[in-house]
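Each residue of the sequence shown is one higher than the one before, counting from 279 in my numbering. By construction, the Cβ of each residue, glycine as well, lies at the ideal position given by its N, Cα and C atoms. Read through the structure below, which is laid out as structure tokens, and then see the notes.
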Amino acid sequence: MASKKSIVLVDDHVIVRNGLKELIEKLGPYQITGEFDNGPALLSAIPFKTPPDLILLDFSLPGMNGDAVMAELNKKSVEIPVLILTLNREEHIIIELFRSGVRGYLQKACTAQTLQTALEEILRTGYYHNEFLTMSLKNSAMNKKSEKEKVLEQLTSREKEFLAHVCHEKEYTYEQIADLMKIQHRTVDGYREAIFEKFGIKSKTGLVLFVLKHKLFEDLQGEKLKV
């Protein structure tokens with residue numbers, strides 16, 4: 279029998295933690311090996327005597343939100359995958375979480391099946407984002423040079439330039455990207471929809487995660503116009 283994957287829970291509500299623990303341990307070969315009710319408590323336990331396979335982190339914590347916890351984990355060079363639970367649906371916040379190293383996020387109202395899928399995907403591939411389930415199926419059927427090379431081959435020069443602007447830390451809007459690329463807004467829409475179609479992506483968040491997951495950012499910089 280395969281050993282169980284260890285998971286640490288961080289949530290300030292005892293009832294929520296108890297419910298999550300009971301649910302997660304029923305979903306698969308998982309064991310909750312640590313529970314914390316705030317960010318500082320988690321951080322004080324690092325380095326772990328036995329590092330868990332995953333940290334399930336509530337975004338809204340008293341005194342220190344999930345983004346601040348991620349910043350501290352990065353300072354400590356913690357490489358344990360983090361799955362965020364959140365009520366927040368603001369795209370720019372979700373994008374920043376992925377930029378900070380979060381490997382996936384779930385709405386707190388998600389189903390048990392979605393939670394199970396997220397745990398499986400992060401532990402298997404390193405990331406969870408529902409849009410990437412479709413893309414992973416496409417990629418598995420591709421003749422592998424390297425996944426990164428295959429992705430880059432499917433992008434035109436202007437699509438790469440578009441992606442470079444999308445992923446810029448200034449978080450340009452599509453209208454601003456059209457100005458930067460000196461093209462009409464509907465042409466930008468065309469680049470976006472083409473990439474959506476090629477890789478099964480459905481949102482701006484998905485585009486950013488697509489670049490982060492495949493480590494494309496440096497490759498895209500050569501295509502970006504000087505601004």
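Handout entry: Buried or exposed by the 16-neighbour rule on C-beta atoms within 10 Å, applied to PRO340
Key = exposed
Exercise for the section: Answer yes or no: do LYS353 and ILE324 have a C-beta to C-beta separation smaller than 8 Å? Expected result: no
Handout entry: Limits of the unbroken alpha helix (DSSP H) element including GLN432
Key = From DSSP, GLN432 is part of no alpha helix (DSSP H); its letter is neither H nor E.
Exercise for the section: Name the two residues that bound the continuous alpha helix (DSSP H) containing SER309. Expected result: Contrary to the premise, residue 309 reads as Gln rather than Ser in this sequence. Counting along the chain, GLN309 falls outside any alpha helix (DSSP H), though it belongs to the beta strand (DSSP E) covering 308 to 314.
Handout entry: Opening and closing residue of the beta strand (DSSP E) in which VAL288 lies
Key = 283 to 288
Practice task
Keeping to the same chain, check which residues put their C-beta closer than 7 Å to that of PHE474; ignore five residues upstream and five downstream.
Solution key: LYS480
Exercise for the section: Measure the beta-carbon distance from THR403 to LYS386 and round it to whole angstroms, keeping in mind my assumption that it falls under 8 Å. Expected result: Incorrect: roughly 23 Å between the Cβ atoms, too far for contact.
Handout entry: Bridge-paired residues (DSSP) for ILE371
Key = DSSP output for ILE371 lists no bridge partner at all.
Practice task
May I have the straight-line CA-CA distance separating ILE461 from VAL444, to the nearest angstrom?
Solution key: 15 Å
Exercise for the section: Tell me where the beta strand (DSSP E) around ASP336 begins and ends. Expected result: 332 to 336
Problem - Cβ neighbours of ARG295 in the same chain (closer than 6 Å, five flanking residues each side left out) - result: LEU287, ASP289, GLU313
Problem - Environment of PRO506 [buried if 16+ CB atoms lie within 10 Å] - result: The structure shown does not extend to residue 506, since the chain is modelled only from 279 through 505, so no value can be given for it.
Practice task
Can you give me the start and stop residues for the alpha helix (DSSP H) that GLY297 sits inside?
Solution key: 292 to 305
Exercise for the section: State the DSSP-derived secondary structure class of LEU384, mapped to helix, strand or coil. Expected result: strand
Problem - Test item: CB-CB of VAL360 and VAL380 under 8 Å - result: Against a cut-off of 8 Å, the Cβ pair of VAL380 and VAL360 comes out as a contact.
Exercise for the section: Give me the Cα-Cα distance between HIS492 and ILE455, rounded to the nearest whole angstrom. Expected result: 22 Å
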